[in-house]
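Novice: Quick one: structure below, then a few questions.
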Amino acid sequence: MSVKRLVPLNAAELAADPITGRRGDIYYNTTSLELRVYDGTSWIPVPMNLADHLHTYDGAIYSVGNITYPMNPVIDGGTP
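Numbering (this note's numbering), first residue to last: 7 to 86.
Below you can see the structure in the form of structure tokens.
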């Protein structure tokens, strides 16, 4: 059985792209006002078809459905 849950993304807010990243890392660019993802070589804006599945509540970003993404990202939350 599948269960959907709202989980805070807790994306970092930065004014410019980080110098390095791992494929699938994400952050919110406060200069361009967009969510960006690292594709393995550069930081790119999250495509609109993916952004349609992201919603906010009190500033946090949530995924509320299944998402098909044009690349094979690995979103890595790091080690606890």
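Beta carbons: idealized from backbone N, C-alpha and C, even for Gly. Just so we're clear, the structure is a prediction, and the values are computed from it rather than from any experiment.
#1: Out of ASP31, THR37, LEU20, ASN35, state which residue places its alpha-carbon closest to the alpha-carbon of GLY46.
#2: Would you kindly work out how many angstroms separate the C-alpha atoms of GLY27 and THR36, rounded to a whole number?
#3: With DSSP collapsed to three states, give me the class of PRO51.
#4: Looking at the unbroken beta strand (DSSP E) that takes in ILE32, where does it start and where does it end?
#5: So, helix, strand or coil for ARG28, using DSSP?
#6: For the beta strand (DSSP E) holding ALA18, just list the boundary residues, first then last.
#7: Leaving out the 5 sequence neighbours to the left and right, which residues in its chain are closer than 8 angstroms to ARG42 when beta-carbon positions are compared?
Specialist: Put simply:
#1: Within the sequence shown, residue 46 is the residue found at index 40, counting from 1. Nearest C-alpha to GLY46: ASP31.
#2: To locate residue 27, count along the sequence shown from 1; it is residue 21. To locate residue 36, count along the sequence shown from 1; it is residue 30. Roughly 18 angstroms between the two C-alpha positions.
#3: Here residue 51 is taken as the residue at index 45 of the sequence shown, counted from 1. Here PRO51 sits in strand by DSSP.
#4: The residue labelled residue 32 in the question sits at position 26 within the sequence shown. Counting along the chain, the beta strand (DSSP E) containing ILE32 begins and ends at 32-35.
#5: Indexing the sequence shown from 1 puts residue 28 at position 22. In the structure shown, ARG28 sits in coil (DSSP, three-state: anything other than H, G, I, E or B).
#6: For the purposes of this step, residue 18 is identified with residue 12 of the sequence shown, where counting begins at 1. First-last of the beta strand (DSSP E) with ALA18: 18-20.
#7: As a working mapping, residue 42 is identified with position 36 in the sequence shown. These residues qualify, in order along the chain: ASP23, ILE32, TYR33, TYR34, ASN35, TRP49, ILE50, PRO51, VAL52.
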